[in-house]
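The structure under discussion appears below in the form of structure tokens.
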Amino acid sequence: MNPGELNCRITLLAEVKTADGQGGYETEYVSRAALWAKIMPVTAKTTDQYEQMTPEILYRIIIRYRRDVAVTDRIQYGSREFEQIGPPVDIEEKHAYLRLECREVVADAADD
């Protein structure tokens with residue numbers, strides 16, 4: 090891969106769980122690192138959630154190899170956020186690039 094193809098500036102977000110004071114926890118995502126990436130849409134489909142048809146686009150995101158990327162990490166690109174749908178893959182096991190299979194996180198209208 091040509092490193093010049095990593096032309097999208099993203100932020101790697103780490104999952105942090107904090108106690109909510111009622112025996113449970115709240116999940117937040119905090120910035121871990123700013124990285125260059127290549128973002129490619131892979132497939133698009135429509136899913137039926139809560140009796141409403143919802144479009145879903147899956148993405149493949151390529152970044153330089155890092156040991157600290159967890160499957161629970163999210164990716165932020167501008168105002169968009171992506172969650173991983175599988176573990177990071179070390180492309181060709183060369184410790185050069187990681188492939189992240191992701192889907193875009195769409196905020197629920199009830200959250201607004």
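Per our numbering, the sequence shown starts with residue 90, numbered consecutively. Ideal Cβ placement from N, Cα and C applies to all residues, glycine included. Keep in mind the model is a prediction, meaning the values are calculated, not measured.
Applying the criterion that 16 or more other CB atoms from any shown protein chain within 10 Å of the CB defines a buried residue, is I174 buried or exposed?
Taking the sequence shown and counting its residues from 1, one reaches residue 174 at position 85. Flag for I174 reads exposed.
Between which residues of its own chain and R163 is the CB-CB distance below 6 Å, once the five residues before and five after are set aside?
For the purposes of this step, residue 163 is identified with residue 74 of the sequence shown, where counting begins at 1. For R163, where only same-chain residues beyond five positions count, the Cβ hits under 6 Å are L102, Y118, E170 and E172.
Quick one, which of V105, L187, R192 and V195 has its alpha-carbon nearest L124's?
For the purposes of this step, residue 124 is taken as the residue at position 35 of the sequence shown. Among V105, L187, R192 and V195, the Cα nearest to that of L124 belongs to L187.
Reduced DSSP category for Q140 - H, G, I as helix; E, B as strand; rest coil:
As a first step, residue 140 must be located in the sequence shown, where it is residue number 51. Before going on, a small fix: residue 140 reads as Glu here, not Gln. Residue state, collapsed to three classes: coil.
If you check the beta carbons only, do I128 and R153 fall under 9 Å apart?
Your numbering for residue 128 matches position 39 in the sequence shown. Your numbering for residue 153 matches position 64 in the sequence shown. Cβ atoms of I128 and R153: not closer than 9 Å.
What residue from R192, C191, D137 and I151 has the CA that sits closest to E94's CA?
Stepping through the sequence shown from its first residue, residue 94 is reached at position 5. Taking only the C-alpha atoms, the option nearest E94 is I151.
Could you name the residues of the same chain whose beta carbon sits closer than 7 Å to that of S120, not counting the 5 residues immediately before and after it, in chain order?
Start at 1 with the first residue of the sequence shown, and residue 120 comes out as number 31. Around S120: T100 and L102.
Expressed to the nearest angstrom, what Euclidean distance is found between the alpha-carbon atoms of E115 and D109?
On the sequence shown, residue 115 is found 26 positions in, with the first residue counted as 1. On the sequence shown, residue 109 is found 20 positions in, with the first residue counted as 1. So the alpha carbons of these two residues sit roughly 6 Å apart.
I need the DSSP call for I174, collapsed to helix, strand or coil.
As a first step, residue 174 is located in the sequence shown; it is residue number 85 there, counting from the start. I174 falls in the coil class under three-state DSSP.
Boundaries (first-last residue) of the beta strand (DSSP E) holding T161
The residue labelled residue 161 in the question sits at position 72 within the sequence shown. Segment: none, T161 is in no beta strand (DSSP E) and carries neither H nor E.
Give a yes or no on whether the C-beta atoms belonging to T143 and T136 are separated by under 9 Å.
Residue 143 sits at position 54 when you count from the first residue of the sequence shown. Residue 136 sits at position 47 when you count from the first residue of the sequence shown. Contact flag set, yes.
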